[in-house]
Structure formats: C-alpha cells, structure tokens
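Taking it in order: structure first as structure tokens, then the write-up.
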Amino acid sequence: GAVVSQHPSWVICKSGTSVKIECRSLDFQATTMFWYRQFPKQSLMLMATSNEGSKATYEQGVEKDKFLINHASLTLSTLTVTSAHPEDSSFYICSASEDFDPLSYEQYFGPGTRLTVT
Amino acid sequence: DQQVKQNSPSLSVQEGRISILNCDYTNSMFDYFLWYKKYPAEGPTFLISISSIKDKNEDGRFTVFLNKSAKHLSLHIVPSQPGDSAVYFCAASASGTSYGKLTFGQGTILTVHP
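Top to bottom, those sequences are chains C and U. Position one of the first sequence corresponds to residue 19 (the numbering used here), numbered consecutively onward. Position one of the second sequence corresponds to residue 177 (the numbering used here), numbered consecutively onward.
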C-alpha cells in the first residue's frame, strides 16, 4: 500500500517552454502533498507544500509564479515549471501524506522526475 | 545553511558486519528524526524514526540512536546485507513548523559487499 507515482519519469524540454509533472497517490487519499527538488549530490530541498483544494505554501526562495502547483483532488497534484531554463534542470520528487494528524511525519515518496532543459 | 548534515558521502561495509551511518543537525527546534532509504530511480522509502523524547529506537536489524546534547543521530544496521546497498538520507522536523515539513541531509551511499 501507500504507492505514489510520478509522470513522466524523465522529460527533456527546450528553454522557454513549460512542462507539467504529475504526482498521484494510487491507493490512498493524500491530504497533503510535498514537492522537492534534488541537485546532484545534494539533499532533497522542499519547494512547496500543498493541501487539497487550497493554495500551495512555498518555501523561501522558491518562485511561485515559476513553479505552479495545483492540488485539485485528494489523489493528484501537479507541478508546472513555466518558462523553463537550463538552471531548472533537476530531479523533482513529490511525496504525499494521508494523515490528518499534524504529529505524523510519514510521507510516501514518488520515484521522481528528471527534468532536462536544453 | 545546511541544518542537517551527513558528512560521509559514502560508506563501504562487508556483508554481516555493522553499518553505522551518521547525521548531525544544528537546529535545536528539531524534535523528530527519520531515516529514509533510496534506490536508484526510486523515491525514498521510510526506514525508521525517533522522537526527541527517546534516545534509541529499534526495528529489526535497524537501530537509530539520538544524542540530543551533541545534536547527533546515527543509524546502525546489523547485520548488513547486500540488499541494504542504497542511499540513506536522514531527515528532521520541528513540531512547531509547517505540518510535515522535513529537512534532509545530503545522503550517504552505503555499499555492502558480499
């Protein structure tokens, strides 16, 4: 149980275009979804937290107009990288939590999406 | 500002021996700590956690130790198996911050040789 999928697993796009990454919880309802970014040999950096039906909360330094997050249902969140540039090339990972308990830190991670902007 | 640090990028261990992965943190507000395991092309999977009210938590071959005064935690794997070869991330959270927000270390690549 507690499977999270991401699509696509990898994507190459041209500079200036937008790309959408989907994150789905397959066998549970995710009240909260998280988006992380990982640069090579670095830790996962939290970009934003989204709750179903409400606006995402972005971490300091993350441009909300560039990284659009939509959590339209309890099983789907999307991250759209708008006007992508080569520096946006990275590994993007989502995670989902089904708990209402704020003391529960258990998150289930997707397999990640490798974005390359040329 | 790296609040959670894993200073060893890699660790190599013989099968059957103990693997010890270390993690240091700087934020004294952190009160919950987790270890995740990650295989290539997969997302991290939860391994074990510990609350700051404890100094040890065991789950089978995995034990996490927490030294709050030193702001240090470690993950012990005994005995190590080749299937344990993966990247291990420690993560920390503070109950007063945003729900579920985790701060991750850089990861340690563990290789267990048969």
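For every residue, glycine included, the Cβ atom is placed at its ideal position computed from N, Cα and C. Computed from a predicted structure; not experimentally measured.
Check                                                                                                                                                         : Outcome
Whole angstroms is fine: what's the gap from Asn233(U)'s alpha carbon to Leu242(U)'s?                                                                         : 9 Å
Could you work out which residues of chain C lie near Gln282(U), taking near to mean beta carbons separated by less than 8 Å?                                 : Lys59, Gln60, Ser61
Against chain U, does Gly34(C) count as a neighbour if the rule is that its beta carbon must be under 9 Å from one of theirs?                                 : no
Run down chain C in chain order and give the residues with a C-beta less than 7 Å from the C-beta of Glu218(U).                                               : Pro129
Can you name the residues of chain U whose CB is closer than 7 Å to the CB of Glu70(C)?                                                                       : The contacting residues do not exist; Glu70(C) stays about 13 Å from chain U at best.
Just to make sure I have the definition right: I need the residues of chain U whose C-beta is within less than 9 Å of the C-beta of Ile87(C). Which are they? : Those do not exist, as Ile87(C) stays about 14 Å from chain U at its closest Cβ, beyond 9 Å.
Of all the CB atoms in chain U, is at least one closer than 9 Å to the CB of Gln24(C)?                                                                        : yes
Unbroken beta strand (DSSP E) runs of length 3 or more, entirely within the region 206-269 of chain U: which are they?                                        : 208-214, 221-227, 232-235, 238-243, 248-253, 262-269
Over what stretch of residues does the beta strand (DSSP E) that includes Phe109(C) continue unbroken?                                                        : 108-115
Within 10 angstroms of the Cβ of Pro120(C), are there 16 or more other Cβ atoms? Answer buried if so, exposed if not.                                         : Interpretation of Pro120(C) is limited by its pLDDT of 49, a score under 50 that renders its predicted location unreliable; the figure taken from the coordinates is listed afterwards. Pro120(C) is exposed by the Cβ-count criterion.
Please state whether DSSP places Pro120(C) in a helix, a strand or coil.                                                                                      : Model confidence at Pro120(C) stands at a pLDDT of 49, short of 50, so the residue's coordinates are unreliable and nothing is read from them.
Using the C-alpha atoms, what's the distance from Ser227(U) back to Ala102(C)?                                                                                : 40 Å
Check whether chain C comes within 9 Å of Lys230(U), counting only Cβ atoms and requiring the distance to be less than that.                                  : no
Answer with yes or no whether the minimum CB distance from Val180(U) to chain C is below 9 Å.                                                                 : yes
For the pair the region 79-98 of chain C and the region 26-44 of chain C, tell me if three or more CB-CB distances fall below 8 Å.                            : yes
Are the C-beta atoms of Phe52(C) and some chain U residue less than 9 Å apart?                                                                                : yes
Measuring alpha carbon to alpha carbon, tell me which of Gln190(U), Ser245(U), Tyr212(U) ends up nearest Thr239(U).                                           : Tyr212(U)
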